[in-house]
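Have a look at the structure below before the remarks.
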Amino acid sequence: MIEVEGLEVVWGRGTRAHRAVAGVSFEVPAGGTFGLVGESGSGKSTVLKAIVGLAPISAGEIRLAGRPLGTRRGKDFRRTVQMVFQDPYGSLHPRHTVDRVLAEACAIHGLDRPEARILRILEEVGLGPAFRFRYPHELSGGQRQRVAIARALIVEPRLLLLDEPTSALDVSVQAEILNLLLDLEEAHGLSWIFVSHNLAVVAQMCTRIAIMNNGRIVEQATAEQLARDELAEPYSRQLLAASRGYDRAVAGTLVNYD
Amino acid sequence: MSGLRAWLEAPVPASRAHARAQAWWLAWCAFRANPIAMVGLGLVLLLLVTALFAPWLAGRSPIEQDLANRLAPPSAVHWLGTDELGRDIWARIVWGSRITLAIVGIVVVIVGPLGLLVGTVAGYLGGWVDTVLMRLTDVFLAFPRLILALALAAALGPGIENAILAIAVTAWPPYARLARAETLTIRNSDFIAAAIVQGASTPRILLGHVVPLCLSSVIVRLTLDMAGIILTAAGLGFLGLGAQPPAPEWGAMIASGRQYVLDQWWVAAMPGAAIFLVSLGFNLLGDGLRDVLDPKGGRG
Amino acid sequence: MAEPSARARTELSRLTGAALHPLVEVADLRVRFPTHRGPIEAVRGVSFTMGAERLGIVGESGSGKSTVGRALLGLVPPPGEVTAERLVVDGIDVPRAGPRTLRELRGGRASMVLQDPKFSLNPVMRVGVQIVEAVRRHRRIGRREARERAMAMLEAVRIREPARVFRAFPHELSGGMGQRVMIAMMLVAEPRLLIADEPTSALDVTVQMQVLAILDDLVAARGMGLVFISHDLELVASFCDRVLVMYDGRIVETCRARELAAARHPYTRGLLGCLPRLDTPARRLPTLRRDPAWTARR
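Protein chains in written order, with our numbering: chain Z, 1 to 258; chain R, 1001 to 1300; chain P, 2001 to 2298.
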């Protein structure tokens, strides 16, 4: 579905240049679910932004269905690849109703029968027609994320990029949203790249996982390998150990991998 | 009435128009709770009503002279007295409200959209577009209003249209700056990123996403500036650069009444009071609007 | 504070689970916020006592846990109304205390560490100055001694170059270092109680571990009590001695941390169940079904 090869993203110029991504390569097959895990500053969100055109690509190549992406992303790309953002309170325009958000997506791509599509997608994300004309401030965090997911899915993409979609939500709401995503994946045969700092969430949602640190991929593994604690790299092992809750002994062994 | 109210307060809006009406109703309820803002609104509405119904409210012509009766004090016949040519001051003020309203209205219609356009484009696109547009804004900001009005009057002849032009040309830069500042804060938000990822074109993003968020501060600033615009127009009229005689423009009335201010104070004081009331009204309205449209944090 | 007896006191408190000399006594705490839509009750009758132990308060957003933490220091902002049958922190009756007593309480006898050091440290003052100010407000010592104590505190939170950090501004520090500075500032006046409101939620997992280890060591060494407020049930269960689970303004469960897996209240069980697990990834996560009975008026 998508192949990333040697991706480098550098923000700024000259002495203030900051290399956010320093040579990242991975691939996601059609229908595959891929996770990117890392701490803050690891570059995981920047990889998504680079794919979608929000970050400048300084080196490397991204191929979608075999064809390399140019500097601009066209309308076809926008229909094929969609994104769900982290902050439910920031990713919806405060003055637009849910209906406006979804209708705009249809209008941009000239989709037919927008009315029917809007109603159907609202049902699919578990909201229903009563939410159609609400404003974001009238919705809870979980409801806003459902709207964000609806916005991404209404154009019928093949690849979904999820940037920490549940990090800002309560644990119980997170479970509902993750289940919703899994249901939608099954129903529509979606592929996705799921970015998170939470290993447990990524293991739940993806079959293959890459652990990033300092702009590079440290290790790639399957979810089963993660579950069986079969990681090779010391950074990955450390991340896994630190993700199991507080342990004084573990805390004493942590090393800075900058 | 209860049916309408129930419709406006229904928990689930049934259509786009319904949702929008409900949002307006909530904003109105919040505005209504502020008594000072309501006073401001009342004064502005008074101006509108006066301008609209001028022929009936004035009762007589504003330019009809009655030299036998010049400089008469306020009485039952002439409610606010007469000026140096025997014209009824009340009638002149009432008819003058149309001129005031026209000045304010035309300036707003030019300045608001122009400032928004320049500011949002500069803020959103950044780079050399931003630099060029902002330097252009600086050029216009450097002009002092009255000097420019004098220059235009010298070039094009005195008159109310040129006064309006002079005011508009010098009034738009602060709005461009305001719109640009607002645009810079929202340019990096997730919802703008989401719109880009959806495939929205730049004009669509600017008009549909950026401008609505800049609109509240621009509207508030406009209402607060209107007082200043009225005073500037009055100043130009005072200098003889605005409306020409016998047009009953309030500033010109003060200018001509200036020489009689000690003995026949009403000739200058009445139009002065009218200017004061209208400026106050816009000021209070602007304050009230700011509280409703721009709450700190809270509703977006 | 002589170390052995402090440690002994802590151990004894941990073993008995109850305080010999309670550090905090709360009985029927209620906090109400009047809004134009009617009053919102953030806390509805919370009661607990604690000694020199680590008490975790867990809940989701809206459960009232942060409000409880603030009420302990009298920091509930107006128009919030705080009423309690009993609210005593380190012997001070908080609702009835005057402003001077409250100032003595806050920072001197009980302190609070918040989530984001960017918002809790003064951005225009150097970090060291803020710590010195904190200690001089509560202890009558000279400037030189205050500076020495501040430096000692920075070393105690394992900052490697204390002199450099002393002169730094808050924005020059990373998240983890900022939190450590926060902890230093809050502990420099040697309070007996520390309230930590989501102290590590904004930090990466490895940094989180390190900061918690520092808190662990400091609290144990000084025989302090710690109230750890968080939404992270697993973290609280592994870090604290006792856990209070809050839902909708009430405590629905109280238990020892290591007995959390055997929790009885359906909300706690539901919350535990819907966490994604590293070792046993489930196909679908069980979700929480909220029972209105949990919020029913008692």
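Glycine is no exception: its CB is placed at the ideal position from the N, C-alpha and C atoms.
Keep in mind the model is a prediction, meaning the values are calculated, not measured.
Proximal residues of chain R, C-beta to C-beta of residue i below 8 Å
{"i": "Z/T207", "result": "Per Cβ cutoff of 8 Å: no residues; Z/T207 is ~25 Å from chain R at best."}
{"i": "Z/F85", "result": "D1190, A1193, A1194"}
Simplified DSSP state of residue i, which is helix, strand or coil
{"i": "P/H2265", "result": "coil"}
{"i": "Z/N213", "result": "strand"}
{"i": "R/H1134", "result": "As written in the sequence, residue 1134 of chain R is Met, which differs from the His given in the question. Here R/M1134 sits in helix by DSSP."}
{"i": "P/A2019", "result": "With a pLDDT of 45 at P/A2019, under the threshold of 50, the predicted position of this residue should be treated as unreliable, though the coordinate-derived value follows. Of the three classes helix, strand and coil, the one that applies to P/A2019 here is coil, per DSSP."}
{"i": "R/E1009", "result": "coil"}
{"i": "Z/T97", "result": "coil"}
{"i": "R/A1014", "result": "coil"}
{"i": "P/S2342", "result": "Lying outside 2001 to 2298, the shown extent of chain P, residue 2342 of chain P is not represented and no answer is given."}
{"i": "R/L1004", "result": "helix"}
{"i": "Z/S45", "result": "helix"}
{"i": "P/Q2208", "result": "helix"}
{"i": "R/L1262", "result": "coil"}
{"i": "R/F1282", "result": "helix"}
{"i": "Z/G128", "result": "coil"}
Beta-carbon contacts of residue i that lie in its chain and below 7 Å, excluding the five residues immediately before and after
{"i": "R/V1118", "result": "L1133, T1137, A1176"}
{"i": "R/G1251", "result": "A1233, A1234, G1235, L1236, G1237, F1238, G1242"}
{"i": "P/I2159", "result": "V2165, M2177, R2180"}
{"i": "R/W1079", "result": "W1090"}
Neighbourhood of residue i by C-beta, 6 Å cutoff - its chain only, sequence neighbours within 5 removed
{"i": "P/R2284", "result": "none"}
{"i": "R/V1292", "result": "A1027, A1030, F1031"}
{"i": "R/W1025", "result": "L1008"}
{"i": "P/L2105", "result": "I2092"}
{"i": "P/R2032", "result": "P2039, E2041, E2081"}
{"i": "P/G2074", "result": "V2094, L2102"}
{"i": "R/G957", "result": "Outside the shown range of chain R, which is 1001 to 1300, sits residue 957 of chain R, and nothing can be said about it."}
{"i": "P/Q2208", "result": "T2200"}
{"i": "R/M989", "result": "Nothing can be reported for residue 989 of chain R, as the shown portion of chain R is limited to 1001 through 1300."}
{"i": "R/D1130", "result": "A1122"}
Interface residues of chain R facing residue i [CB-CB closer than 7 Å]
{"i": "Z/V52", "result": "V1197"}
{"i": "Z/L92", "result": "F1191"}
Residue i to residue j span [Cα, whole Å]
{"i": "P/R2076", "j": "Z/E185", "result": "This sequence places Val at residue 2076 of chain P; Arg is not what is there. Cα to Cα, the separation comes out at about 45 Å."}
{"i": "R/I1167", "j": "Z/V101", "result": "39 Å"}
{"i": "Z/G70", "j": "Z/P136", "result": "35 Å"}
{"i": "Z/E164", "j": "Z/G142", "result": "13 Å"}
{"i": "Z/A175", "j": "P/W2294", "result": "20 Å"}
{"i": "Z/K49", "j": "Z/A55", "result": "5 Å"}
{"i": "R/A952", "j": "Z/T166", "result": "There is no way to answer for residue 952 of chain R, as the model of chain R reaches only from 1001 to 1300."}
{"i": "P/A2018", "j": "P/S2066", "result": "Reliability of the predicted coordinates at P/A2018 is poor, the pLDDT of 46 falling under 50, and no value is obtained from them."}
{"i": "R/P1013", "j": "Z/F133", "result": "6 Å"}
{"i": "Z/Y246", "j": "P/A2052", "result": "20 Å"}
C-beta neighbour in chain P for residue i, strict 9 Å
{"i": "Z/A248", "result": "Contrary to the premise, residue 248 of chain Z reads as Arg rather than Ala in this sequence. For Z/R248, the answer is yes, since a Cβ of chain P falls inside 9 Å of its Cβ."}
{"i": "Z/K125", "result": "The sequence shown places Val at residue 125 of chain Z, not Lys. With 9 Å as the cut-off, Z/V125 does not count as an interface residue toward chain P."}
{"i": "Z/N179", "result": "yes"}
{"i": "Z/N198", "result": "yes"}
{"i": "Z/A242", "result": "yes"}
CB contact check: residue i to chain Z, cutoff 9 Å
{"i": "P/Q2210", "result": "yes"}
{"i": "P/P2276", "result": "yes"}
{"i": "P/H2265", "result": "no"}
{"i": "P/D2291", "result": "no"}
{"i": "R/H1078", "result": "no"}
{"i": "R/V1220", "result": "no"}
{"i": "R/A1194", "result": "yes"}
{"i": "R/P1246", "result": "no"}
{"i": "P/V2094", "result": "no"}
{"i": "R/P1212", "result": "yes"}
C-beta neighbour in chain R for residue i, strict 9 Å
{"i": "Z/T97", "result": "yes"}
{"i": "Z/Q82", "result": "yes"}
{"i": "Z/E39", "result": "no"}
{"i": "Z/G12", "result": "no"}
Under 7 Å from the C-beta of residue i: neighbouring residues of chain Z
{"i": "P/D2279", "result": "A227"}
{"i": "P/L2114", "result": "Under the 7 Å cutoff, chain Z gives no residues; its nearest Cβ is about 18 Å from P/L2114."}
{"i": "P/L2260", "result": "The contacting residues do not exist; P/L2260 stays about 11 Å from chain Z at best."}
Contacts that residue i makes with chain P (C-beta to C-beta distance below 7 Å)
{"i": "Z/G252", "result": "A2213"}
Sequence-distant residues of the same chain with beta carbon closer than 8 Å to residue i, five excluded per side
{"i": "Z/L180", "result": "V125, G126, R146, I149"}
Within chain Z, the residues that residue i reaches when beta carbons sit closer than 8 Å
{"i": "P/H2231", "result": "D170, V171"}
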